Amino acid sequence: MHYACTPRLLPSLNPQPSIPPTKFAPKDLLPPSESQPRTFQILYPLTTPLQLHPLCNSTLSHELISPLSSSQTPILVGVPMEALLFLLLTFFLPNAFCKNLSFPVGGRVAIPLPSLYQPDFVGRAFLISANNDAPPQFRAGLSIEAVQGGYSCSIVVLLGDVKVWASDHVAKFFPAGSCVLELTPTGDLQLKDSSGRIGWRSGTLGLGVQSLHLKKNTGNLILIDGRNQTKWQSFDYPSNTMLWGQRLNSSSQLTLFPINSSSFYSFEIEQDKLAAYLNWRGNKYSYWELKPRAGKRIAFIRLGSKALKAFNNNSAKIAQISAMKPETVRFLALGRKGNLGLYYYSASQGRFEASHRALEFCDLPLPCGPYGICSSTKSCSYLQVSGMEYRASFCGLSNSEVEMVELKRIVSVLRTSSPIANVSKEECLASCLEDCSCAAALYLNGHGDGSTEELCYQYGLVGGAREIEIGNLESNFWVKVAKKGSGHEEKSSDLLTKVLIVGGAVDVVALCVILGGFLYYFFKVRKRSVDSGTDNN
1 MHYACTPRLL
11 PSLNPQPSIP
21 PTKFAPKDLL
31 PPSESQPRTF
41 QILYPLTTPL
51 QLHPLCNSTL
61 SHELISPLSS
71 SQTPILVGVP
81 MEALLFLLLT
91 FFLPNAFCKN
101 LSFPVGGRVA
111 IPLPSLYQPD
121 FVGRAFLISA
131 NNDAPPQFRA
141 GLSIEAVQGG
151 YSCSIVVLLG
161 DVKVWASDHV
171 AKFFPAGSCV
181 LELTPTGDLQ
191 LKDSSGRIGW
201 RSGTLGLGVQ
211 SLHLKKNTGN
221 LILIDGRNQT
231 KWQSFDYPSN
241 TMLWGQRLNS
251 SSQLTLFPIN
261 SSSFYSFEIE
271 QDKLAAYLNW
281 RGNKYSYWEL
291 KPRAGKRIAF
301 IRLGSKALKA
311 FNNNSAKIAQ
321 ISAMKPETVR
331 FLALGRKGNL
341 GLYYYSASQG
351 RFEASHRALE
361 FCDLPLPCGP
371 YGICSSTKSC
381 SYLQVSGMEY
391 RASFCGLSNS
401 EVEMVELKRI
411 VSVLRTSSPI
421 ANVSKEECLA
431 SCLEDCSCAA
441 ALYLNGHGDG
451 STEELCYQYG
461 LVGGAREIEI
471 GNLESNFWVK
481 VAKKGSGHEE
491 KSSDLLTKVL
501 IVGGAVDVVA
511 LCVILGGFLY
521 YFFKVRKRSV
531 DSGTDNN
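By the count of the UniProt record's numbering, the sequence shown reaches residue 537 at its end, each step adding exactly one.
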């Protein structure tokens, strides 16, 4: 068993920004606020009641030293804070931890919260480092992050600086006073605050847990007992990332929750397909699917070095998503725009890069946001329906006060699980008008392959709209709006002016041509008519 090596005397520092960490993460995996990083990671010097590993030559400390509060001063006076942090990062951390470090039962670590709220603040105390021979490395630790006016407390696993797992992925824990991690004597891993209020726990009470470990090659965070048997693992509670070697059974899913949004994305493993969904106010809209051959059922998926593979109950491969690069795939991630990607580490670039992306920009569920239209040039235009983007429903209006307006050559990439089949266009529109929660409808006559099946998709939001080329697919996309004069319409009530042009986005060049023609008519043709009238008189 391996333990931390902790010197007896350590400087205790106020939480201060350190040198910004190297950004391994692709931009599509970072939250919007981190696309241009303003935050800093803080590595707190900690000692915990750990036993000394025989390979480590340091004096054991059984004393917990937490970072000082904002009212205290550092122990080492007269030394610049930046120099202290540099020394800490350069000399202390490599020697403070042994390889395959573990966090034993009885271990306790606390991070005090900043006294004032600092947007984009991130503070982390890394407890376990995998110490791989080459970067990037897996690390696990305690984290506090500024979120929506408060500080969330969580356990995190990072690969480089990419957060690949977090205990607060589904539900945030906002502690009071300090963020505390403890592996209790009864074997339960707990997150709590200074008052003892528990915000997260592993649920392993009484299972004989002895320590917390981090798997060197996979990044799986596990709790093991005295016989080295796993009693809990982070792989069973996936976030938006699937790591190399990880297995997910049918009915599992990855999820991504955008900040300040009522929607979220999910990548779900179903028996008949792999699918990506936009989840919006209780409704699910698929926008990507991978189906195995007819009659094949998916039992589980596993991420390998070159592909994501799907297997049946006999562990036979029945489908896969292959990487486009020869480098080893390190993880699959559901990005902040809902895209699926396989990522490898580029040593030459010093960061993770995509070796496969499932979707192009205009195929994303909300590439331009609600009421946006993605053009063939991958640019966005918007329906000028000010204030209606996030309207919950039209349930406060009667059918006579609303109408459906068509957008020609527009289709939505979103699909409902149960479209209305074998209905006419008129029946599709009438059904949406009568349903006050319906905000848009898509009518399809054929699938572009010569078939004539009629399908009606209805949506609770206006999203996933994109231009299409004219082909065998007859499509009509309709948006519900309040009628002019109903008293509920927006200020710019003429929908023909609300859409930049009915039928799709218009490039700047086209607008210039139209404007030029109008000016030519006004100054030339109009002038000629006036001159002709004068001559006749």
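Beta carbons are placed, not taken as given, at the ideal position from N, Cα and C, and that holds for glycine.
Being a predicted model, the structure only gives us computed values, none of them experimental.
### DSSP-derived helix/strand/coil call for S250
coil
### Query
Is the region 410-423 touching the region 290-298 in the sense that three or more CB pairs, one from each, lie closer than 8 angstroms?
no
#### Entry: Cβ pair G341, A323 closer than 8 angstroms
no
### Task
Give the secondary structure of D193 by DSSP, where H, G and I count as helix, E and B as strand, and everything else as coil.
coil
### Task
Pick out the complete beta strand (DSSP E) segments inside the region 146-192, 3 residues or longer, and give them in chain order.
150-159, 162-166, 178-183 and 189-192
### Query
Out of V479, Q253 and G464, which has the shortest C-alpha to C-alpha gap to L334?
Q253
### Message
Using the Cβ count rule (16 or more neighbours within 10 Å means buried), how would you classify P368?
### Response
The amino acid at residue 368 is misidentified as Pro; the sequence shows Cys. It counts as buried.
### Task
Output yes or no for whether 8 angstroms exceeds the beta carbon distance between C153 and F173.
yes
### Query
In whole angstroms, what is the alpha-carbon distance linking P238 and K317?
22 angstroms
#### Entry: Local Cβ density within 10 Å of E182, reported as buried at 16 or more and exposed below that
buried
### Message
Against chain C, with Cβ distances strictly below 8 angstroms, would E426 count as a contact?
### Response
You won't find chain C in this structure, because it holds only one protein chain.
### Task
Have a look at C395 and D161 and give me their C-alpha separation to the nearest angstrom.
46 angstroms
### Query
For S261, which residues from the same chain have a beta carbon less than 6 angstroms from its beta carbon, with the 5 sequence-adjacent residues on both sides left out?
none
### Task
Any chance you could list the beta strand (DSSP E) runs of at least 3 consecutive residues sitting entirely within the region 215-297, in chain order?
221-225, 230-233, 241-243, 247-249, 253-256, 263-269, 274-280 and 283-290
### Contact under 8 angstroms by Cβ, L243 with F331
yes
### Task
Using three-state DSSP, classify L334 as helix, strand or coil.
strand
#### Entry: Rounded distance between the beta-carbons of V122 and S234, thought under 8 angstroms
At roughly 20 angstroms, the Cβ-Cβ gap does not stay under 8 angstroms, so S234 and V122 are not in contact.
### Query
Could you give the distance in angstroms between the alpha-carbon of S167 and the alpha-carbon of A440?
37 angstroms
### Task
Closer than 7 angstroms by C-beta to N339: which residues in its own chain qualify, once you throw out the five before and the five after it? Chain order, please.
D28, R357, A358, L359 and L364
### Message
Comparing C-alpha positions only, which one of E453, S431 and E469 sits nearest to W478?
### Response
S431
### Task
Any chance you could list the beta strand (DSSP E) runs of at least 3 consecutive residues sitting entirely within the region 337-401, in chain order?
340-346, 351-357, 372-374 and 380-382
### Query
Across which residues does DSSP place residue 546 in a beta bridge pair?
The requested residue 546 does not occur in the structure, where the chain is confined to residues 1 to 537.
### Task
Use the C-beta contact count for L46: other C-beta atoms within 10 angstroms, 16 or more gives buried, fewer gives exposed.
Confidence at L46 is low in this model, with a pLDDT of 42, below 50, so the placement of that residue is unreliable and no value is reported for it.
### Query
Excluding the five sequence neighbours on either side, which residues of its own chain have a C-beta within less than 6 angstroms of the C-beta of G372, listed in chain order?
C380 and Y382
#### Entry: Proximity of S178 and A110 at Cβ, strictly below 8 angstroms
yes
### Query
If you drop the 5 nearest sequence neighbours on each side, which residues of the same chain put their C-beta closer than 6 angstroms to that of S143?
R124, S154 and V156
### V170 burial status per 10 Å Cβ neighbour count (16 or more: buried)
exposed
#### Entry: Buried/exposed call for L76, threshold 16 Cβ in 10 Å
Reliability of the predicted coordinates at L76 is poor, the pLDDT of 29 falling under 50, and no value is obtained from them.
### Message
Just to confirm, is the Cβ distance from I410 to E467 under 8 angstroms?
### Response
yes
#### Entry: Exposure of A319, with buried meaning 16 or more beta-carbon neighbours within 10 Å
buried
### Query
Closest by CA to I298, which one among N279, E403, I269 and C362?
I269
### Backbone secondary structure at E327 - three-state DSSP
coil
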